[in-house]
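Student: Its first residue numbered 558, the sequence shown is counted upward by one per residue in the working numbering.
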Amino acid sequence: MTPTEAKAFLKDNNVKYILAQFVDIHGVAKTKSVPAEHLDMILTDGAGFAGFAAWGLGQGPQDHDFMAIGDLDTLSVVPWQPGYARLVCDGTVDGKPWPFDTREVMKRQLAKAAARGWTINTGIEPEFMLLRKHEDGSVTPADPTDTLEKPCYDYKGLSRSRSVIEEIVESLQEVGFDVYQIDHEDGNGQFELNFTYTDALTSADRFVFIRMAASEIAQEHGMLCTFMPKPFSNRTGNGMHMHVSIAERDNDNIFQDDNDKNGLGLSKIGYNFLGGLLAHAPGLAALCAPSVNSYARLVVGRALSGATWAPAFISYGDNNRTSMVRIPYGHLELRLADSCCNPYLAGAAMIAAGLDGVDRELDPGPPRNVNFYEMSEKDLRKNKIKLLPQNLGEALDALAADKFFVDALGSEIVGEFLEVKRMEWIEYSRHVSDWEVKRYLEFY
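Have a look at this one:
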């Protein structure tokens, strides 16, 4: 879209304000509202932000402003907010790309793939819960009748939340998302929506928009929409599975090979990319599952919810949902991530690890089509199945130890991420929980 076309678009859609939007290191949308007649400013000078006021932009209060330069390919209306448009921006400081801007970090990885003639395509599957917050601070599923022990795919559970679900979906469709299915997931009040594959940068941009849309539309219905990985210990957690493949000129998926002897439909490049994901899995976990709460989802053994679809094992398999990577025929599904992740940073890390596997021709070993949840610790050791980190502290240590990510993503952003997240881990570790008080106050 050219600036002239953009101005016509704004006029035709009665847009009065443009949300100049970027994300902080957590992947949370940050915006400034700019009157539409100042579009040229966003495209040239950029909308100015004091970077010190946002998480993880690597700035102090004395530094020059973080300038958000609009990417016109992302211009869209904001359906739930009439008169507004959203414009995703790239961060610069003093006219140069800023190494702490995570969208820029992803673009660098995509440029490496593009230099080989490759386009990285991804499909993101966000899970979320629709809840209601009560005066006493407690939260419950927004639909009080959504109480089944096994509610996955339940018609009533989906139907009774259809007003808010339909509004979310129709808002996404209005801006060009091809949403192809919605279902009630395995937790009470839990849903998943799927939208079609596209290039990795667009997928990440769209995921941010989905979180914006779902949260605001739910609030208008008197609900709270959460993407938190594990808001309830006794219910299934929220994941964010990432499907990935690579296109090359006239071949829309070079991961696919119908002659694969394992019957998974994967090419050598696909297996090598997979090998990179497995080789860097511990450090990758920190970027894909970056919150304290993430590891309440990635548990070993039986979850308190009685069921879990989350991986805890560094492994892959055919249609094996207990593995870190599942192989739907001809492409990969990374099941590690959750929606606490920054989609640009997690996506960049996934791409970098995969390309490293291709460059080093890493062999992921044979697929394992077993239920890892039922394997004993002895069997896991015997089969050399390693565990993913089991808490944020372990994941951060693994990321710090994997120097590959420092080189691939940049020392600035990895260092900033580790600093921010280590403080989060320290704050959590020093917090005294209600569980501890109940357990120990009068125990001795």
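Even glycine gets a Cβ: it sits at the ideal position worked out from N, Cα and C. These numbers come from a predicted model, not from an experiment.
(1) In three-state terms, what does DSSP make of Gly972?
(2) Once DSSP output is grouped into helix, strand and coil, what is the label at His741?
(3) Whole-angstrom Cβ separation of Leu687 and Val721, contact assumed at under 8 angstroms?
(4) For the pair the segment 641–655 and the segment 709–718, tell me if three or more CB-CB distances fall below 8 angstroms.
(5) So Trp675 is in the beta strand (DSSP E); what residue range does that whole segment cover?
(6) Looking at the secondary structure, which residues open and close the beta strand (DSSP E) in which Gly833 lies?
(7) Short of 8 angstroms in beta carbon distance, which residues of its chain neighbour Asp920, apart from the five on each side in sequence? Order them along the chain.
(8) Need the endpoints of the beta strand (DSSP E) that Asp700 sits in, please.
(9) Taking Val732 as the reference, which of Cys709, Ala770, Ile739 has the closest Cα?
(10) Considering only the beta carbon of each residue, do Pro592 and Gly967 sit closer than 8 angstroms?
(11) When we look at the beta-carbon of Ser880 and count the other beta-carbons within 10 Å, is it buried (16 or more) or exposed?
(12) So, with DSSP's three-state summary, where would you put Cys646?
(13) Out of Asn791, Asp814, Leu844, state which residue places its alpha-carbon closest to the alpha-carbon of Asp895.
(14) In the DSSP assignment, find the unbroken alpha helix (DSSP H) run with Glu661 in it and report its ends.
(15) Would the segment 670–689 count as touching the segment 793–801 if we require 3 or more Cβ pairs under 8 angstroms?
(16) Does the pairing of the segment 943–962 with the segment 812–819 give three or more beta-carbon distances under 8 angstroms?
(17) For Ala955 and Pro847, which I take to be in contact (beta-carbon distance under 8 angstroms), what is that distance rounded to the nearest angstrom?
(18) What beta strand (DSSP E) runs, 3 residues minimum, are completely inside the segment 606–644?
(19) CA-CA distance, Asp964 and Val580?
(20) Our contact map puts Leu835 next to Tyr873 with C-beta atoms below 8 angstroms; I'd like the distance itself, whole angstroms only.
(21) What is the DSSP secondary structure of Cys782, counted as helix, strand or coil?
(22) Secondary structure at Thr759, three-state DSSP: helix, strand or coil?
(23) Give the secondary structure of Lys653 by DSSP, where H, G and I count as helix, E and B as strand, and everything else as coil.
(24) Using alpha carbons as the reference points, say which of Ala586, Lys587, Trp612, Ile575 lies closest to Val634.
(25) CA-CA distance, Gly744 and Val856?
(26) Can you tell me where the beta strand (DSSP E) holding Pro592 begins and where it ends?
(27) By the three-class DSSP mapping on this structure, what secondary structure does Leu855 have?
(28) I'd like to know whether the C-beta atoms of Tyr641 and Ala761 end up nearer to each other than 8 angstroms.
(29) If His583 sits next to Asn899, beta carbons under 8 angstroms apart, how far is it from one beta carbon to the other, in whole angstroms?
(30) Could you check the C-alpha separation between Pro636 and Asp936 for me, to the nearest Å?
(31) In chain order, what residues of the same chain have a beta carbon less than 8 angstroms from the beta carbon of Phe609, not counting five sequence neighbours either side?
(32) Mind listing, in chain order, the continuous alpha helix (DSSP H) runs of no fewer than 4 residues lying wholly within the segment 911–949?
(33) Write down the C-beta distance between Cys897 and Pro786 rounded to the nearest angstrom, noting that I regard them as a contact closer than 8 angstroms.
Tutor: On the basis of the data shown:
(1) helix
(2) strand
(3) 6 angstroms
(4) no
(5) 675–690
(6) Here Gly833 belongs to no beta strand (DSSP E); instead the alpha helix (DSSP H) covers 825–836.
(7) Tyr828, Asn829, Gly832
(8) Looking at the DSSP string, Asp700 is not in any beta strand (DSSP E), and its letter there is neither H nor E.
(9) Ala770
(10) no
(11) buried
(12) strand
(13) Leu844
(14) 659–671
(15) yes
(16) no
(17) About 12 angstroms; that fails the 8 angstroms criterion.
(18) 623–627
(19) 22 angstroms
(20) 7 angstroms
(21) strand
(22) helix
(23) strand
(24) Ile575
(25) 16 angstroms
(26) 586–592
(27) coil
(28) no
(29) 6 angstroms
(30) 52 angstroms
(31) Gln616, Gly617, Pro618, Asp620
(32) 934–939
(33) 6 angstroms
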